[in-house]
Structure formats: C-alpha cells, structure tokens
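Asks: I have a structure here, written as structure tokens, and I will follow up with some questions on it.
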Amino acid sequence: MASTGNLPVRSVWRRRGFHTAAAAAAIATSVALAGCGSSSNNNNSSTNTTASGGLGGGGGSGTTTSTTLGKTGGGTAKGTATSGSIKFWASPITTSSPDPRKVLITAFEKAYPHIKVTLESAPSDTDTNRSVLSSQIGGGGGPDVYMGDVIWPAQFGSQKFAVPLSKYLPNSYFNTFAPGLIAGATYNGQVYGAPFFEDQGFLYYRKDILKADHLQVPKTWEQLVSESKQIQAKKQTKYGYVFQAADYEGATCNFMEFLTDAGGKVLNSSANKSELSANNAAVKALTFMHSLVSSGVSPSGESTYQEANAMNAFDAGDAAFLRNWDYAYSTSQASGSKVIGKVGVAPLPTFKGQSYPGYSNIGGWNLYVNPNSKNVAADITFVKWMTGTKAQNILATQFSEIPTNQSVRTESKVVKSNAVLAIVPKTRLVARPAQTPKYAAVSQAIYQNVSAAVGGSKSPSAAISAANSSINSTLSGGGL
Amino acid sequence: MAVTSAPPPATSGLPPGVSGRPLVGRHDVFRRQLARLGWGFSAPALIFIALVTVFPIVYSVIISFRHVLLYSTGFHMSGFTLNNYAKIIHYGPWRYAVAFTVGYTVVTVLVELVLGMGIALVLERLSRGRGIMMALLLLPWSLITVISARLWQYLYDPSVGAASKLVQLFGAHNPVILGHNASAIIALMVADIWKTTPFVAIILLAGLVMLPQDVYEAAEVDGASEWATFFRITLPMLAPTIGLAILFRVLQAFGLFDLPNVLTGGGPGHATTSLAILGYQAMFEFNQAWGPGAAIATSTALLVVLGCLCFYRVFKAQAAREVG
Amino acid sequence: MMRNRRRTGVRRYLNVMNVAVFLTVLFVLVPLYFMVVSSFKNPNTIGQSLQLWPAQWTVKNYTYVWTASHFGRNILNSLIVSVCSTILVLALGSMAGYALGRLPMRGKLPILMTLLMISVFPVIGVIAPLYVVLRTIGWLNSYQALILPYTAFNLPFAIWILRNYFLGIPREMEETGRIDGASPMRTLVQIIMPQAAPGLFTAAVFCFTACWTEYLMALSFDSNTNMHTIPVAIGSALSTIYTVPYGPYFAASCMAAVPIGILVLVFRKSVVSGLTSGAVKG
Chain E
875 MASTGNLPVR SVWRRRGFHT AAAAAAIATS VALAGCGSSS NNNNSSTNTT ASGGLGGGGG
935 SGTTTSTTLG KTGGGTAKGT ATSGSIKFWA SPITTSSPDP RKVLITAFEK AYPHIKVTLE
995 SAPSDTDTNR SVLSSQIGGG GGPDVYMGDV IWPAQFGSQK FAVPLSKYLP NSYFNTFAPG
1055 LIAGATYNGQ VYGAPFFEDQ GFLYYRKDIL KADHLQVPKT WEQLVSESKQ IQAKKQTKYG
1115 YVFQAADYEG ATCNFMEFLT DAGGKVLNSS ANKSELSANN AAVKALTFMH SLVSSGVSPS
1175 GESTYQEANA MNAFDAGDAA FLRNWDYAYS TSQASGSKVI GKVGVAPLPT FKGQSYPGYS
1235 NIGGWNLYVN PNSKNVAADI TFVKWMTGTK AQNILATQFS EIPTNQSVRT ESKVVKSNAV
1295 LAIVPKTRLV ARPAQTPKYA AVSQAIYQNV SAAVGGSKSP SAAISAANSS INSTLSGGGL
Chain U
169 MAVTSAPPPA TSGLPPGVSG RPLVGRHDVF RRQLARLGWG FSAPALIFIA LVTVFPIVYS
229 VIISFRHVLL YSTGFHMSGF TLNNYAKIIH YGPWRYAVAF TVGYTVVTVL VELVLGMGIA
289 LVLERLSRGR GIMMALLLLP WSLITVISAR LWQYLYDPSV GAASKLVQLF GAHNPVILGH
349 NASAIIALMV ADIWKTTPFV AIILLAGLVM LPQDVYEAAE VDGASEWATF FRITLPMLAP
409 TIGLAILFRV LQAFGLFDLP NVLTGGGPGH ATTSLAILGY QAMFEFNQAW GPGAAIATST
469 ALLVVLGCLC FYRVFKAQAA REVG
Chain A
34 MMRNRRRTGV RRYLNVMNVA VFLTVLFVLV PLYFMVVSSF KNPNTIGQSL QLWPAQWTVK
94 NYTYVWTASH FGRNILNSLI VSVCSTILVL ALGSMAGYAL GRLPMRGKLP ILMTLLMISV
154 FPVIGVIAPL YVVLRTIGWL NSYQALILPY TAFNLPFAIW ILRNYFLGIP REMEETGRID
214 GASPMRTLVQ IIMPQAAPGL FTAAVFCFTA CWTEYLMALS FDSNTNMHTI PVAIGSALST
274 IYTVPYGPYF AASCMAAVPI GILVLVFRKS VVSGLTSGAV KG
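Protein chains in written order, with the working numbering: chain E, 875 to 1354; chain U, 169 to 492; chain A, 34 to 315.
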C-alpha cells in the first residue's frame, strides 16, 4: 500500500547527483578552509610601547635593553607599561572570602590606574584548566595572563603557548625567587613562567596524641610506622598515616618524595631516559608505600585517596599523621574539624640512614603570558607586580600562601604569621620530572603503576619495571 | 465501523481497503509539489546543521590524516599520513578502550532497555500522578553529568559512602569499590544506568502513549493474556521507537567521559579508560598528540557508524516507513 | 490487568512487573535522597563520616553557591541559552521531521544517515575548530556562541525522534486536513503537532536538558565569568584544586534541577493522552 514513488529512474539519479554535488561542495569548502586554517591564525601580538613611568611596587630594576623578537616586532615589553587591559585567568585559590585574586587585582589597579584587569574564573581542576587553555590558545585566542600549574612550562613552552619571559626580563628579576623554582619553570634555556605562589608536601601530626604518648615527631619513615602502630594499638586513631595514592597526578607527587628519600630519580639529566630501574631506590620506596597499606597503618582505600579523602580522614580524627599541601593546616583548624588546636606541622621524614629532613615535592602555580595577547607589555608589568614584594606579602600574611619571592619568604613577619610558613625554611624540595614536554605521559606511567602497587594489584617490582619501560617508550617516541 | 483483531501492518495507518492515492493524473504533479515542500520544510534545519557542524567535523577528520602540530599560532598541518591511525592501533590502551567501550555500551543499553520498558509500561497505566512520577524519574537525567559523577563518588567513597557501607553489609571487608578493575567497571555501569534509564523510559513512554487504543480493546475482547498482549501487540508496534532509543543510547554511551573522569580518572590503570577519555588525553595531555587524538575521535565515529550499518536492515525498514 | 482485578487490596498490584518497577524506582530515588539531604549537611563535616541525614540541618551550602558565583546570573545565562536552543530545535526539527517522515522527498535515507553521523562525532574533536570559527567571527563570550552549536548538535536527535512520532499518527489525520483545504504548514501545526504532543514533549525535555547540562563548549566559548552557565560556574567557582565540596555541589545541583522539574510538571498533560479516539473513526 505504501508506494515508493512512480518517478522514472533517470530523475532519481538526477536527484542523487544533486545530493552528491552538494555534499562534495560542502566538504571541498571545509578542506579549503582547513588548509588555510594553519596560517590564518597568526595572531601576532603588538605591544603597547609606552616606556615612561615608574615601576610600581615590583621587584627587578628593568634596566635591560629590550630585545626585538622577530614576529612580535620588538617593543619594550619589559614590565613598564602603564596602560592596557588584561584578561587574567585564574582558578579559585581559596574558598573563603575575601577572594585573594580580587584583592590582588584591586591593589594592582591602585598602583597602575590605567591598566584594567578583568578576572576570568578558571576551572578548579587543573587538567580541565589545561584543556580549555589549549583549545583557546591553540585557537588563536585565550586570556592575556593565566595562572597555571608548575608542571606546565615544558609542555606549554614547546607548544609556544606561553611567552618566554626571559626574553623580556633580566636575570636580576629571576634571582628574586627561591632557589629551584626558576629551574622548574625553564625549558630549553628559556623561562616560561613566573612562580606566583608555591606549595609543597608537609607532615601534619596530632600533637595532642604525641604528647600524651610521649612520642617525638618522627624523623624517619620507620619511626613514623612504629609510632603509628602504637597509637593505633591504643585505639587513639583508626589509622596511622594517610597520604595520596589514587590514579592521578598526586600519586606522582607522593612517590617523588619517597623516591628521592630513598636516593632515586626518575629521569636522567638530559631527560631522555628513565632512571627508575637504575638502582633499587624506586622499588624500595614503592615497597614501603605498599607496606603502609598492607600493615594497616594506612587505610585500604589509599589507592583511591586524593587530597580530599586524606584531609577528611585527618579532620575526622581518624589518622595520626597526614601528608598534604599547605592548605591542610587552615582546613584542619576550620569549623567542623575535630582536630582544632591539636595539629602540628613538620617537614616530612626520610628513610633511616638518610639525612633529615625528607624531601617535599614542589607544587604551586606560575603566571604565564599568552603569546596571542595584544598587550604583552602590560601583561609583563602585571606579572612583575604579582611576584613583587607587596603582592607576595599579601599572599603570605593575608592568605597563608607560600610566597615565591625569596626576600618575602625569609621576612620574619611572614615566617611568624602561621605554622606552615614557619616550617618552610626548614624543608628540602624536589621537583617532579617536568622538564620534558612529554611529562604528562611520564607522570601517567608513574601514577598508574604506583597506584596499582599501593592497591595490591601489582607487585612493587613489577610496577617499577612497567613504569620504567613505559617511560622509556614514551621518551623515545612510542605511545601516542 | 470495522473492528480488526490483528495488529495493523506497520507501514500504513490506513484502514484496510482504502488506498491513499487520489486521482491518477493529478498524482504526479501533487507528489512533486509535496517533494519540493519537503525540501522547503527540511532545508532550514539541514542548512543550520551543515553551517555549524560540517566544518568542525571535516576539519577534525582531516587533522587525523595529517602530521599536525599545535602552537599558539594555530594548527600547523603537513602532508598526508596514516601514521596517526597506525599509532593508535599499536597503542595497547586504545585497543582496550575499544573493547571496553563496546562492552560497556552493550551491557548498559540492554539493562536500560529492560528497566526503561518496565517503567514506561507502569507509567502508562498511571492516570493520576504520572506527571509527578515523570518529574521525579527525570531528575537523575537532568543532573549535570559531572555532578552526577560527584554524587556517585560520594556514594562509593571507601570511608563515608553509602554504597560502600551497603556492600559491607553483604560481607565485603573494607571495600574499595573504585580501586579494583571489576568493581570499578560495575560501579560505573550502575551510575550510568541510574542516570540514563529515564531517557529510555521517556522515549518509550511517549511511544506507548501514542499507540492506537482500538487494537488493545480488541485484544481484551478476545481474551488475550497480558504477556501475550505485550509481546505480540505492544512490542511489534513499539519496535521503531525501541530502535530509536537503542540507537541514540548507543551514540551517547560511546561518548562515556565524565563518569570515569571523576570517579576513577580512567583507572585503576587504564581499566576504565574509554575512547572519549583516551581522545581527551591525547589531545590535551600527551605532547603534540593532536593527530592521534583526532584519529581516535574519527575512528570512534566510524565504529559507531559501522555498528549501525550492521543493523542496516532494521534502519532501512525504519527509514523506509512511509517513504514515498 | 484483567487477572489482577480478581485480587483485592494491595495484592492487586503485587505482580512481578510492578515489584520490579517498584525496586527500580527505589534505586532511582535513593541516590537522589542522598543528594538532596546532603545538600543540607555541614559542608566541613560531610566527608568525615556517613550520615544518613544531617546532624544539623543548614542552608550554608545554598547561600555559599549563590554568593560564590553570582548564581542568579548563571541561571539567567543557562535559561537564555537553553530556552532559545530548545525553541529553535523544536521549530526546525518539527518541520524537518515531518518532511523526512511524511513528505515524498528523494534522498531521505542519505540525509537521515548523515544526521546520524553528525550526532556520532565526539564533541571534543569539534571544540577547537569551532572555537577558531567563533573567534574569527567575533562571537566568543556571547549567547549565540552557545545557542548555535547547541541547536545544531541537538537537531539530528530531535529530527529523528520527532519523525518517529509523526509517523505514528495515522494518515487519515492529514487527509482530513488536505480535504478541508488546509496548507501543509497548517496541517502540520494544527493537526499533526497536537497529536504528537508526547513526542514534542520528549524532544523538548531532552534538548533543554542537554543544553542545560552541557559543560565543555560553554567552558571553552563563554569563559567570561559573567557569561558562565550553571555547569561552568559549578566547576569554576565552588572549589579549589584540592577540595571536593560535596555540600555546595549538591546544593547547586538541586537548584539547577528545579527548572527541569518545573518544565516537566507544567507540560506533563501533553504526555497523558495521545490519540483521541473517535475523531477519525466516528
């Protein structure tokens, strides 16, 4: 009953031909556009070249001669612009008011009344943040200045997603930072990020319990384990030590601390080969991490623990020791926590026979400038101010962030302002092996295997050799 | 008024004995007019879709066949290469992701179909309270996928999660649901089924509600049992709608991203790394792997299309309904 | 339900299917219960222990969401984008669905398959090129930056399902219209669409929900804080990198679910009845 049409056959083909032609035209246009696509996005930044005026409240003396830089057509983007508008992309730093981002922007605009800064709130998750920035910057747009993870310089530098600040700013500027931070922001001899505020791993402990049991703050991991067992035996807490070993970047951070304590490293100095299997350190570190869980000192859920899980366990009074970043101190003292007034901070322990303190992994955030920005001069002015003494002081004293500016870090007022900042001068830092643009794949090889070993689904030696071969494969061009 | 006791043929809504064709001479002119009208009606939508989607999709497909580097100045492409595809085929996690995504899709769609059908049947019989029930059942579907994932992360938490405690009641000791391959995959499926069964249920419900009632009255008069009614009357008439629900559920399931991203990060290991997650990692995490990322996206689309072509006969019947 | 009518009381409803559906409904409701109830728990203690209901009820999470991210503005943005896209999709999709279902066009199958293939393509592959186009036109951080892609990517699904539901309407409905001298457009609007109300409702709910909950495009194209839609605001204003604030997440989610609930409740009558018998058979 339903007819499929009585039209003669040739008109059917004529119709079909029309469709094919239309489709082909659409595709051809797209191909042509795609072919032109690569060259049409050349968004060269032009700089505002007002070189007069003072420097505002920043560090650095700006006495270099400006270098012309090929595509950008030269210009004096050395941090002395006095007008322009900046889109500043930053994820939330704290969740309580006032908002440090807004406080700093207000203070900056007071110092530079003709530079307008607009805050764009970025995603809190660092990977989502990176993906959006990649889409935007790679698409020829993006914000002017963005706050990004400390492990991005190599990846972003190799993709030219960040301006090499060392082409605009003098060495004296980079010397104002704490040692090691600039090295972490360098790739191929250029510095791509300006350290904004820093973070590292700390040992948090229940000082009330240690006092009650007449125990010392542990200086070795072995001591931590034995003290934990005592505390757990007395049922003072459910667990001894909580840390992070889920399938994510945080596991790499934790592992770096144990690994470096044991005397190992991930990459060789040219960052083209893995050193995980070069000695026994990696297996020793990972075996120890696994034993924490298998002995009951750490909860069995550790292979899914991120910072929030560990923090909640500690705040609930379920753990005697916690490894976490600097935010953990204020969180543990906030309302709702069961351990208010009971928390002490110390550098991390190390293995027996090594020199104290153990290594703390570096975290934190850098400021990067987008090459697609239309006013690099204003951007660099902003960056200089945000890493200068005034801004860093605000960050430290008002918001308890660890400043990157070395003079601010060692200022006694800052050091005394909170328990964490007092410990900062005593810690030893180790960076993640992010000097290669392929760091994300390297880190994935590490954290997947570390998490598996901690969770018991792989033996530590199998995990390390898997990580080792995976990293070597990535670095020699394998994988994706 | 004729009352038939057999279900009407699926290709026509006309009572038997009536042909739909007017006088022969005017028929061709009329049909051509209607055909032009058809183009007129569908052109706005098609042009709209073409303008917005054709360029990005074709661009992405092209990227997958070229050497591509991404810089702040844009995509720099060169040459024609199958290397991107070679890379992903040789990449273990990709092969796993294909198997995982396909298996995941099959299981979740089957379960949702059964549950959704049951819900739709019961809802159809409710005369009062149907609206409230529908609003309630649509709530999981209406949640932002990331938030739904966070909800299940909360439920699966090893220390404070209700699901963990429930599993403990069944004898598991210190369960870490998301920490082991099998339980993590099942956990993902449960969360997904929870969220998307309403999707299937509503599609089926709307289809059920629009079925002609006279056939059911006839069946009742003839004394047919419930199950017989369901399997021999309802199901065949609902087949196109069911096919539609399956089709689009499959399309969505292949894009599985937020649940594993939030709950497991693709882990343990790469046990829950779906194709979408792998594509995301390639594009944004691994260094200059945009080419393989585009290859993953394109091959995913291709896989689904191939799967649809396997069921081509069904679709031909679907699309051929009332063609002409 | 003939057999069951012989039972009385509760046993009338006690058959396999009703029990199974009851369990399914329970399965749906329990996590929702946790979500709603947890939105009233103290945000600082929510992760410390399992609480079946809040130890102390508080609305802190709701006020926090509202102030941390100008939630009112986010709701407005989401509403504008979702409503406009849904209306566009329904209008364009009905016409196309009707044409591809009932009108004698050539090439329906290729068109339908192409629409399918467009739906299939993963969204992340599409974002960077779309960003380039939008930036070139200068439409970043605008409503149309979202309305256009949302409409375009939801249309294939809407066309498919509207076509499916239109096909379920008996031909004699259209014949009546034609005989009465109505133009095809009038036939569509005044005869077909009311009969296909359940299908329209379905398409509208799905399209609205898809637009309301979309995250990636909204994040990439409309990253200005005052253009944030609800999903973007939730991801960019409620937490820091290390915190997972379940309380505020659930509170924001409950607030975001309200408009969809309203939408369903207001239009639910359209799913109550499909064909009205008697109009044709007389």
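Note that beta-carbon positions come from the ideal geometry of N, C-alpha and C, so glycine has one too. Quick caveat, the model's predicted, so the values are computed rather than measured.
Determine the burial state of residue 215/U: buried for a count of at least 16 other Cβ atoms within 10 Å of its Cβ, exposed for fewer.
Replies: The residue in question, residue 215/U, is exposed, as its Cβ has fewer than 16 Cβ neighbours within 10 Å.
Asks: Excluding sequence positions up to five away, which residues of its chain have a Cβ less than 7 Å from the Cβ of residue 134/A?
Replies: Cβ neighbours of residue 134/A beyond the five flanking positions: 196, 199, 200.
Asks: Which complete beta strand (DSSP E) runs does the stretch 216 to 292 of chain U hold, if anything under 3 residues is left out?
Replies: Whole beta strand (DSSP E) segments, 3+ residues: 235 to 239, 242 to 246.
Asks: Identify whether residue 83/A lies in helix, strand or coil by the three-state DSSP scheme.
Replies: Looking at residue 83/A - three-state DSSP - the assignment turns out to be coil, as it is neither helix nor strand.
Asks: Per DSSP, which residues does residue 1148/E bridge with? Please list them.
Replies: Bridge partners of residue 1148/E: 1141/E.
Asks: State the Cα-Cα distance for the pair residue 227/A and residue 127/A, rounded to the nearest angstrom.
Replies: If you take the alpha carbons of residue 227/A and residue 127/A, they lie about 12 Å apart.
Asks: Identify the contact partners of residue 275/A in chain E, using a Cβ-Cβ distance below 7 Å as the criterion.
Replies: Residues of chain E passing the Cβ test: 1181, 1182, 1199, 1201.
Asks: What in chain A is Cβ-close to residue 994/E, meaning under 8 Å?
Replies: 256, 257, 258, listed in chain order.
Asks: Beta-carbon of residue 270/A versus every beta-carbon of chain E: anything under 7 Å?
Replies: Yes, residue 270/A lies at the interface with chain E (some Cβ there is under 7 Å from its Cβ).
Asks: Would you call the stretch 249 to 260 of chain U and the stretch 444 to 462 of chain U touching, i.e. three or more CB-CB distances under 8 Å?
Replies: Contact between the stretch 249 to 260 of chain U and the stretch 444 to 462 of chain U is present, because at least three Cβ pairs lie under 8 Å.
Asks: Would you report the Cα separation of residue 149/A and residue 161/A, rounded to the nearest angstrom?
Replies: Distance between the alpha carbons of residue 149/A and residue 161/A is about 22 Å.
Asks: Could you compute how far the alpha carbon of residue 1079/E sits from the alpha carbon of residue 1111/E?
Replies: The straight-line gap from Cα to Cα measures roughly 12 Å.
Asks: In three-state DSSP terms, what is residue 110/A?
Replies: DSSP places residue 110/A in helix when its eight states are reduced to three.
Asks: In whole angstroms, what is the alpha-carbon distance linking residue 215/A and residue 204/A?
Replies: Using only the alpha carbons, I get a separation of about 15 Å.
Asks: Under three-state DSSP, which class holds residue 1196/E?
Replies: Looking at residue 1196/E - three-state DSSP - the assignment turns out to be strand.
Asks: Against residue 1172/E, what residues of chain A qualify as contacts under a CB-to-CB distance less than 9 Å, listed in chain order?
Replies: Those within 9 Å of residue 1172/E in chain A number zero; the least Cβ separation is about 17 Å.
Asks: For a minimum of 3 consecutive residues, which ranges assigned as the beta strand (DSSP E) are wholly contained in the stretch 1087 to 1120 of chain E?
Replies: Counting whole runs of 3 or more residues, the stretch 1087 to 1120 of chain E contains the beta strand (DSSP E) stretches 1113 to 1116.
Asks: Among the residues of its own chain, which have a CB less than 6 Å from the CB of residue 102/A, if the five just before and after it don't count?
Replies: The answer, listed in chain order, is 266, 270.
Asks: Out of curiosity, what's the CA-to-CA distance linking residue 1349/E and residue 1312/E?
Replies: Distance between the alpha carbons of residue 1349/E and residue 1312/E: 7 Å.
Asks: In chain E, which residues lie less than 8 Å from residue 278/A when you measure between Cβ atoms?
Replies: Result: 969.
Asks: Grab the span of the beta strand (DSSP E) containing residue 1238/E for me, first residue to last.
Replies: It spans 1233 to 1243 - the beta strand (DSSP E) in which residue 1238/E sits, taken as one unbroken run.
Asks: I'd like to confirm the pairing. Which residues does DSSP put opposite residue 333/U in its beta bridges?
Replies: Answer is none; residue 333/U lacks a bridge partner.
Asks: List, in order along the chain, the chain A residues whose C-beta lies closer than 7 Å to that of residue 409/U?
Replies: 197, listed in chain order.
Asks: Residues of chain U with CB closer than 8 Å to the CB of residue 193/A, please, in chain order.
Replies: Going along chain U in sequence order, the residues near residue 193/A (Cβ under 8 Å) are 412, 415, 416.
Asks: Please state whether the Cβ-Cβ distance between residue 1071/E and residue 1295/E is less than 7 Å.
Replies: For residue 1071/E and residue 1295/E, no; Cβs fall outside 7 Å.
Asks: Per DSSP, what kind of secondary structure is residue 308/A in: helix, strand or coil?
Replies: Any answer about residue 308/A is weak, because its pLDDT of 34 lies below 50 and its placement is not dependable; what the coordinates show is given next. Of the three classes helix, strand and coil, the one that applies to residue 308/A here is coil, per DSSP.
Asks: Would you say residue 71/A and residue 254/A are within 7 Å of each other, going by their C-beta atoms?
Replies: No, they are not a contact pair.
Asks: Count the other CB atoms within 10 Å of the CB of residue 1284/E; is the residue buried (16 or more) or exposed (fewer)?
Replies: Residue 1284/E is exposed by the Cβ-count criterion.
Asks: Counting only C-beta atoms, is residue 1004/E closer than 7 Å to chain U at any point?
Replies: It does; some Cβ of chain U falls within 7 Å.
Asks: How is residue 265/A classed by DSSP in three states: helix, strand or coil?
Replies: The answer is helix: DSSP assigns residue 265/A an H, G or I state.
Asks: Unbroken beta strand (DSSP E) runs of length 3 or more, entirely within the stretch 1016 to 1043 of chain E: which are they?
Replies: DSSP runs (the beta strand (DSSP E)) wholly in the stretch 1016 to 1043 of chain E: 1019 to 1023.
Asks: Can you name, in chain order, every residue of its own chain whose Cβ lies under 6 Å from the Cβ of residue 1159/E, other than the five neighbours on each side?
Replies: Within the same chain, residue 1159/E has close Cβ partners 1132, 1133, 1136.
Asks: Report the residues of the stretch 1327 to 1344 of chain E with a CB closer than 8 Å to any CB of chain U, ordered along the chain.
Replies: Residues passing the 8 Å Cβ filter: 1329, 1331.
Asks: Does residue 1159/E get closer than 7 Å to chain U when you measure Cβ to Cβ?
Replies: No, residue 1159/E does not count as interfacial toward chain U.
Asks: Comparing C-alpha positions only, which one of 240/A, 81/A, 213/A sits nearest to residue 1211/E?
Replies: With distances taken between Cα atoms, residue 1211/E lies closest to 81/A.
Asks: Check the Cβ of residue 1242/E against every Cβ in chain U and list those closer than 7 Å, keeping chain order.
Replies: Correct list: empty, because the minimum Cβ distance to chain U is about 11 Å.
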